[in-house]
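Mapping of the sequence shown onto our numbering: residues 60 to 437, in sequence order.
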Amino acid sequence: MNTRVLGLRANRPATHAASHAASHPGTHPVLQRRQLERLSLAALLALMLSVALLSIAIGPVAIPLAEVLHTLGALAGLPVAEVAPQHEAVILSIRLPRTLLGLLVGAGLAVAGAAMQGLFRNPLADPGLIGVSAGAALAAVSVIVLGGQGLAFLTQALGPFSLPIAAFAGGLVTTLLVYRLASRDGRTSVTTLLLAGIAINALAGAGTGLLTYLADDQQLRTLTFWSMGSLGGATWPEVGSAALLIAVPLLALPLLARTLNALLLGEAEAGHLGIAVQRMQPLIVALAALAVGAAVAVSGIIGFVGLVVPHLLRLALGPDHRLLLPGAALLGGSLLLLADLLARTLVTPAELPIGILTALLGGPFFLALLLRWQRRTA
């Protein structure tokens, strides 16, 4: 593993560095790499902003892009032209909270996927594939169905945060269980990882099915669409609660990029580099579970975002988590908004569950990735 990827400084002879700089003025490899990183993140940011504007403008009620910009400018306190009241109401009450929720959920799932892949040292470690999303969903469904009965104390104590906190707890327990089952002597078995994920998905699916069977008609309508993933019920309170919880891993995990880079070498090697492995691993697990749990609580199960986005970025930008994690947040939000835009427009006036579209994209991608991994390890 290159020391530059680890975020460590390599001791180079001063004469070599000086001669290189003299013979190649303005083309120092470190400067070139940093410029490329900045340009890459700027391009991803521009993509995310463009998709967000399209998400607000396109829908059953088409809104001119100029009116979208004027409405957003008015929110920022800028002097802008007036917007049609109907369009302003659609933007502020429906489209804008849905877009912001999509950005948060997509960023949270993608960053959690990138962190888990770095922790497990495995590009197949997706929150959905290894059962984390299913565990979070089971806990959330338990609150929905049993919130007025066996878990009434929880909903009364936590209020609107009961659902995301329960989902976080379910995702955390599942992540810790998978990690214990798949890790041995500092190594993670791919076969055990996937088999454990299959078993946990089956058990959580059975529990969710049982609770669905016990649900009343109103709860059943909520669960049916929620279980396939949707941003259709986005409201400002949901955006606020999701932002409070997802912002923590989005801000904290990039600070652990050097730790994740070192863990790519293995736990023993990371310890030799000065990483407190036994303290950092549970922290990474908890932050990833928090992101997945909060995302599942507000949008349902949306698979493969945490698998596809980090892998695409690794192919394009390399394995350095200092660039991978912020890039995953930007690309994850963009990808989920694009999927949501298709879900809202393909069968207008109806709406497809967004989880179906991400599965159609991620399923073939996962099979191709699995075949490639099999050839590499054969």
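Every residue gets a Cβ at the ideal spot worked out from N, C-alpha and C, and that includes glycine. Keep in mind it's a predicted model, so treat the numbers as computed, not measured.
Item	Value
Nearest neighbour of D399, chosen from A111, G330 and G229 [CA to CA]	A111
Three-state secondary structure assigned by DSSP to R434	helix
Counted within 10 angstroms of its Cβ, other Cβ atoms place V97 as buried (16 or more) or exposed	Here residue 97 is Arg; the residue named in the question, Val, does not match the sequence. The residue in question, R97, is exposed, as its Cβ has fewer than 16 Cβ neighbours within 10 Å.
Sequence-distant residues of the same chain with beta carbon closer than 8 Å to L390, five excluded per side	L103, L106, M107, A169, V368, L371 and L372
Span separating the alpha-carbon of A335 from that of L124	50 Å
8 Å contact criterion, which H146 and I122 should meet: CB distance rounded	5 Å
Residue range of the unbroken alpha helix (DSSP H) whose run includes T283	D276 to W285
Cα-Cα separation between L429 and V307, rounded to whole angstroms	31 Å
Same chain, Cβ closer than 6 Å to G266, five either side skipped, listed in chain order	L197
Nearest-angstrom Cα separation, counted from L90 out to H83	Here H83 scores only 49 on pLDDT, less than 50, and its place in the model should not be relied on; the value that follows carries that caveat. Rounded to whole angstroms, H83 to L90 spans 12 Å at the Cα level.
6 Å Cβ shell around F424 - same chain, five flanking residues per side excluded	V367
C-alpha gap between G291 and A301, whole angstroms	15 Å
Reduced DSSP category for S289 - H, G, I as helix; E, B as strand; rest coil	coil
Local conformation of L243 per DSSP, three classes	Note on identity: in this sequence residue 243 is Arg, with Leu being the wrong assignment. DSSP places R243 in strand when its eight states are reduced to three.
S82 - DSSP class collapsed to helix/strand/coil	The predicted model places S82 with a pLDDT of 47, which falls under 50 and marks its position as unreliable; any figure quoted below should be read in that light. Correct three-state label for S82: helix.
DSSP three-state assignment for T271, whether helix, strand or coil	helix
L231 burial status per 10 Å Cβ neighbour count (16 or more: buried)	buried
Three-way DSSP call (helix, strand, coil) for D399 in this model	helix
Range of the contiguous alpha helix (DSSP H) that encloses P408	That residue, P408, is in no alpha helix (DSSP H); it is neither H nor E in DSSP.
Burial state of Q340 (16 or more Cβ within 10 Å)	buried
Coil, strand or helix - A360 by DSSP	The amino acid occupying residue 360 in the given sequence is Ile; Ala does not appear at that position. Of the three classes helix, strand and coil, the one that applies to I360 here is coil, per DSSP.
Runs of alpha helix (DSSP H) wholly within the region 152 to 222 (minimum 4 residues, chain order)	155 to 179, 191 to 205 and 211 to 217
Exposure of R239, with buried meaning 16 or more beta-carbon neighbours within 10 Å	exposed
Identity of the residue in M287, L131, P138 and M175 nearest R154 by Cα	L131
Three-state class that DSSP yields for E147 in the structure shown	helix
Close beta carbons around G333, own chain, < 8 Å, minus the five adjacent residues each side	none
Coil, strand or helix - L67 by DSSP	A caution first: L67 carries a pLDDT of 47, below 50, which makes its placement in the model unreliable, though a value can still be read off. Reduced to three states, the DSSP call for L67 is coil.
Neighbour-count burial assignment, A375, 16 or more Cβ in a 10 Å radius	exposed
Distance between T417 and L312 (C-alpha atoms, nearest Å)	24 Å
Those runs of the alpha helix (DSSP H) which lie wholly inside the region 85 to 122 and span at least 4 residues	88 to 116
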